[in-house]
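Following: one structure in structure tokens, then a few remarks.
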Amino acid sequence: MSGADGLLTLRLPNRLAAIAEAAEEVERFCAANGVPPAVIGHLNLALDEAITNTIEYAWPDDGDHEVLVSLAIEAAEIVAEVSDDGAAFDPLKVPPPDLESDLQARPVGGLGVHFVKTLMDEVAYRRAGRRNVLTMRKRFGAP
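Numbering (our numbering), first residue to last: -12 to 130.
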């Protein structure tokens, strides 16, 4: 973990248990930089979904891997990036979930990407070299 005013970088092991500790770091960082509590909640939920999907699906093996999370405060906006060296995968190409069907008829899961897109103001994916990079932006006030 490293952090400076307006910047935070977290290096997480590919273990689901690491998400709770990351959420605490994100909350501290955001609060110290004037991010409103509601925005922190949305950001942490979006990060939880993105990191969970990365840990569960990015690597075909059970080996040790690292998920990089970076946060930057830019004017009245927070920019979060989640990156990994897993198999190339653009989560934004996942078809939208069927929210109209009866709950019993729907498959379990499949809402994570939908939550991320709904909670954040902008979401973008790119492949940078051998890394997946998901960039999420959330505005929180006038610049």
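Just so you know, even glycine gets a beta-carbon here, dropped at the ideal spot from N, CA and C.
Rounded distance between the beta-carbons of residue j and residue i, thought under 8 Å
i, j, result
"Leu55", "Ala67", "The Cβ separation is near 11 Å, so there is no contact."
"Ala33", "Val103", "5 Å"
"Arg118", "Ser70", "5 Å"
"Asp72", "Tyr112", "Not confirmed; about 15 Å, so no contact."
"Asn20", "Ile60", "5 Å"
One or two residues paired with residue i in a DSSP bridge
i, result
"Val56", "Leu(-3) and Val69"
"Glu139", "Outside the modelled stretch of the chain, which goes from -12 to 130, sits residue 139, for which no answer is possible."
Pair within 8 Å by beta-carbon distance, residue i and residue j
i, j, result
"Glu64", "Arg15", "no"
"Leu(-1)", "Ala5", "yes"
"Leu121", "Ala18", "no"
"His29", "Leu106", "yes"
"Phe127", "Val22", "yes"
"Ala115", "Ala74", "no"
First and last residue of the uninterrupted beta strand (DSSP E) at residue i
i, result
"Leu121", "Arg118 to Arg126"
"Val110", "Glu109 to Ala115"
Limits of the unbroken alpha helix (DSSP H) element including residue i
i, result
"Val13", "Ala5 to Ala19"
"Ala33", "Pro24 to Tyr44"
Proximal residues to residue i (C-beta, below 6 Å), its chain only, five neighbours per side dropped
i, result
"Val100", "Pro78 and Val81"
"Thr136", "Outside the modelled stretch of the chain, which goes from -12 to 130, sits residue 136, for which no answer is possible."
"Glu109", "Arg124"
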